[in-house]
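The sequence shown lines up with residues 11 to 294 when you count with our numbering.
For reference, the structure is listed below as C-alpha cells.
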Amino acid sequence: MSNTLIIAKKEFQDLVNSKLVLIALGLFILFALFNLHDTINFDYVGVNKNLFEPYSVFEITLNHTLYVLTSFGRFVAVVVGFSCIAGERHNSALNVLTTKPLYRDTIINGKITGVFYFLICVYGVTVLLYTSSFLLLYGNILESNIVDYLARVVLILVISVVYSLIYVSLSMLIALLVKSQALALVLSMMAIVIIDDIKTSGFAGYVKLIASGLFGMNPDNVMINYLSASWLIDMILLDVRPFSPSLSLGDILSKANGYFLALALYFIIPTILSYIVFVWRDVR
C-alpha cells in the first residue's frame with residue numbers, strides 16, 4: 011500500500027473517531043431529516059401528489075437533494091478540513107509525520123484522499139436516503155424517467171463532493187496558517203459567510219469602488235460573482251438547469267463545463283497554497 015493510501019486510511023479513521031466531526035455530522039443529519047420532511051410534505055396546501063407533473067417532481071426532488079448537500083454539507087466540510095490539521099497539530103502528530111521519510115505533499119494528498127472517501131460515504135448515505143424516500147413516494151411518477159433520474163443523482167453526488175472539497179481545502183489552509191485552534195475554526199466558518207456575501211450586489215459595489223479607485227478598473231458583476239463558489243452552484247441550477255428531464259447528461263456537461271472548471275479551480279488553488287505553506291513553514 012502506498013504512503014498516500016496509508017495516510018488516507020488513517021485520516022478516514024481519525025475523522026470517524028473525532029468528536030467534533032461527529033457533532034457536525036449529527037447536526038448535518040438533523041438538518042437533512044428536517045429538509046427531507048419538508049420536501050415530502052410540500053403538498054401541505056392540499057395539492058394531490060398524484061396530480062403533479064412528472065417534470066415538477068423530477069426537478070423538485072433533485073433540487074432539494076443538492077440543496078441539503080451543498081448548503082449544510084459545507085459546514086461539515088469546514089469542520090473536517092479543520093480537524094485534519096488542527097487536531098494533529100495540537101497533539102504534535104503532524105510534526106511526527108514530517109519527521110518520517112515522507113514528502114510533505116504526500117501527507118496533504120493522503121489527508122485529502124481520506125477526506126474525499128469520508129465525504130463520499132457521508133453524502134452517499136444521504137443521497138441513498140433521499141433517493142429511496144422519493145422513489146417510494148413518487149415512484150409511479152418518476153418511473154418513466156428513472157434512468158435519467160439516477161444519472162442525475164450521481165451528478166449531484168459529484169458536484170456536492172467537489173463543492174465541499176473547496177471548503178475542506180480552505181479550512182486546511184487556515185488551520186496551517188493560524189496556530190490558535192479556536193481562531194482557525196472561527197475563520198473557517200467565516201469563510202462560508204464571505205463566500206456567500208461575494209455574490210451580493212452590495213459586495214460587488216464595494217469591489218467596483220476599490221477596483222476603480224486603485225486600479226482604474228470597472229469589473230462587471232458577473233466577473234465579481236465568479237469569485238463566489240456558492241454563486242457557481244446557483245448558476246448551475248439557474249442557467250444550466252441540470253435537473254430538467256428535457257436535457258441529456260451530455261447537454262448538461264457541455265453547458266456547465268465552465269462552472270465545473272471554476273469549482274475545480276477553487277479547490278485546487280487553496281490546496282496548492284496548503285502544499286506551499288506546509289513545505290515552507292514550521293507548523294509547530
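We put the beta carbon where it would ideally sit given N, CA and C, even for glycine.
Do residue j and residue i count as a contact pair if the criterion is CB distance below 9 angstroms?
i: Met199; j: Phe85; result: yes
i: Tyr269; j: Asp249; result: yes
i: Phe126; j: Leu175; result: yes
i: Val168; j: Thr141; result: no
i: Ala185; j: Phe68; result: no
i: Thr71; j: Leu152; result: yes
i: Tyr177; j: Leu273; result: no
i: Leu79; j: Thr136; result: yes
i: Phe128; j: Leu46; result: no
i: Gly120; j: Glu21; result: yes
i: Ile279; j: Thr116; result: no
i: Ala96; j: Leu197; result: no
i: Arg251; j: Leu257; result: yes
i: Pro255; j: Asn155; result: yes
Could you check what DSSP says for residue i in three-state terms: helix, strand or coil?
i: Val293; result: The predicted position of Val293 is uncertain, since its pLDDT is 49 and thus under 50; no value can be drawn from it.
i: Asn150; result: helix
i: Lys20; result: helix
i: Ser190; result: coil
i: Asn13; result: helix
i: Ser28; result: coil
i: Leu257; result: coil
i: Asn51; result: coil
i: Thr109; result: Residue placement at Thr109 is flagged as unreliable, the pLDDT there being 49, under the threshold of 50; a coordinate-derived value is accordingly withheld.
i: Pro252; result: coil
Find the nearest neighbour of residue i within the set the options, judged by alpha-carbon distance.
i: Val90; options: Leu242, Gly268 and Ile130; result: Ile130
i: Leu76; options: Ser240, Ser284, Val178 and Ile16; result: Ser240
i: Phe41; options: Gly83, Ala185 and Leu25; result: Gly83
i: Asp158; options: Leu283, Tyr285 and Ile262; result: Ile262
i: Leu271; options: Ile243, His47, Ile156 and Ser28; result: Ile243
i: Ile205; options: Gln191, Val88, Leu37 and Cys94; result: Val88
i: Ile118; options: Val132, Ser179 and Val171; result: Ser179
i: Phe288; options: Ser66, Ala18 and Leu187; result: Leu187
i: Asn73; options: Thr123, Ile166 and Leu30; result: Ile166
i: Val171; options: Cys94, Thr123 and Met245; result: Thr123
i: Asn51; options: Leu30, Ser81 and Tyr148; result: Tyr148
i: Ala266; options: Leu160, Ser28, Asn27 and Met245; result: Met245
i: Met94; options: Ser81, Ile202, Val31 and Leu160; result: Looking at the sequence provided, one finds Cys at residue 94 rather than Met. Ranking the options by Cα distance to Cys94, first place goes to Val31.
i: Ile202; options: Ile286, Ala161, Ser81 and Thr281; result: Ser81
Within 10 angstroms of the Cβ of residue i, are there 16 or more other Cβ atoms? Answer buried if so, exposed if not.
i: Ala34; result: buried
i: Phe144; result: buried
i: Ser284; result: buried
i: Phe38; result: buried
i: Leu138; result: exposed
i: Ser238; result: buried
i: Leu43; result: exposed
i: Val132; result: buried
i: Ser190; result: exposed
Which first and last residues belong to the alpha helix (DSSP H) in which residue i is found?
i: Leu237; result: Element bounds for Leu237: n/a, residue is neither H nor E.
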